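Numbering (UniProt numbering), first residue to last: 1 to 334.
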């Protein structure tokens, strides 16, 4: 199967179809119990009970991997990234910032490349270009494929590490509260989708989000390299602008278009089309709502990106977006 042939791709729903299907699946989930309406509190309790189905060994593996990420980051920062920042003769403040961006670029890059291989190159999955296949063979006791299981462990551990790092490792930023909420929701979604065997949707969500994080960290790195020891290096400034433009394009395409019309729609319209009462009966209102919360956060951060683009086009001083709001820089130089 040639995934790059448009004949293999399923059609994308309209915005109206997405909204209607979301309403229908939430209505179905709300009234799915024979005795009538299920309260939100009862629905949440159902989800929490299902989350308790993970084994002790699975929790230990997740926490141990998160600790390993933390240790590996400290070693990498001390032995490679900080010495590299000094070798590149970055300004003193930027020597502290460089390791964080370098670490996140490496992690997001590695995870996304592996996810890209799983979804696009391995030939085992068609979830991206044929989202309807995410529910093929679904059952609560189905076995999770090893490649997807590995991604789930790594992503879950990374966000657990990220929660720790936000308070004890990363630079303090204006939007830290939003990032904390984002990480908590991500851990919740990964966990819930794992126990409810919605992992095929989960890996699609991961795939569509990590690519923008790679470009974001590259932009930060290029900006740090642009001005060193009072000298402006034009090539790094140009690269910062190019990759910033790519960031805007990728964010709009993957997070604001593909994410709602492929991943979220898979949990609503495509799910309804399956007519599989087993999977329909287990659908989670909170999972769908949390997917939309992530989408709202994507819109919020894209607003910062768009504002920055406007300021860059006007050659004015700008505040860097999302994780870079804490300090300002000038990307465009005369």
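For each residue, glycine too, the CB sits at the ideal point set by N, CA and C.
This structure is a prediction, so every number in the text was calculated from the model and none was measured.
Limits of the unbroken alpha helix (DSSP H) element including residue i
i: residue 30; result: 15 to 30
i: residue 177; result: 176 to 195
i: residue 64; result: 56 to 76
i: residue 134; result: No alpha helix (DSSP H) holds residue 134; DSSP gives it neither H nor E.
i: residue 268; result: Counting along the chain, residue 268 falls outside any alpha helix (DSSP H), and DSSP gives it neither H nor E.
i: residue 108; result: 92 to 116
i: residue 240; result: 234 to 250
i: residue 172; result: First-last for residue 172: undefined, no H or E at that position.
i: residue 87; result: 82 to 87
i: residue 220; result: 199 to 226
Beta-carbon proximity check, residue i vs residue j, cutoff 7 Å
i: residue 210; j: residue 121; result: no
i: residue 287; j: residue 192; result: yes
i: residue 293; j: residue 185; result: yes
i: residue 251; j: residue 302; result: yes
i: residue 207; j: residue 119; result: yes
i: residue 309; j: residue 249; result: no
i: residue 29; j: residue 285; result: yes
i: residue 151; j: residue 107; result: no
i: residue 237; j: residue 226; result: yes
i: residue 66; j: residue 160; result: yes
i: residue 178; j: residue 53; result: no
i: residue 274; j: residue 135; result: yes
Buried or exposed (CB count within 10 angstroms, at least 16 for buried), residue i
i: residue 200; result: buried
i: residue 34; result: Because residue 34 carries a pLDDT of 46, less than 50, the predicted location of this residue cannot be relied on, and the following value inherits that uncertainty. When all chains shown are included, residue 34 counts as exposed.
i: residue 167; result: exposed
i: residue 307; result: exposed
i: residue 372; result: Nothing can be reported for residue 372: it is not among the residues displayed for the chain, which extend from 1 to 334.
i: residue 93; result: exposed
i: residue 175; result: buried
i: residue 220; result: buried
i: residue 230; result: exposed
i: residue 99; result: buried
i: residue 104; result: buried
i: residue 19; result: exposed
i: residue 101; result: buried
i: residue 277; result: exposed
i: residue 264; result: buried
i: residue 323; result: Unreliable placement is indicated for residue 323, whose pLDDT of 40 sits below 50; no coordinate value is reported for it.
i: residue 162; result: buried
i: residue 85; result: buried
i: residue 148; result: buried
i: residue 56; result: exposed
Nearest-angstrom Cα separation, counted from residue j out to residue i
i: residue 8; j: residue 214; result: 28 Å
i: residue 222; j: residue 21; result: 42 Å
i: residue 164; j: residue 27; result: 37 Å
i: residue 234; j: residue 14; result: 43 Å
i: residue 133; j: residue 189; result: 20 Å
i: residue 269; j: residue 24; result: 8 Å
i: residue 187; j: residue 212; result: 19 Å
i: residue 62; j: residue 197; result: 17 Å
i: residue 244; j: residue 216; result: 7 Å
i: residue 83; j: residue 75; result: 12 Å
i: residue 239; j: residue 232; result: 13 Å
i: residue 117; j: residue 257; result: 21 Å
i: residue 71; j: residue 114; result: 22 Å
i: residue 138; j: residue 271; result: 11 Å
Anticipated Cβ contact below 8 Å, residue i with residue j, distance rounded
i: residue 17; j: residue 130; result: That belief does not hold up - the Cβ atoms of residue 17 and residue 130 are roughly 17 Å apart, past 8 Å.
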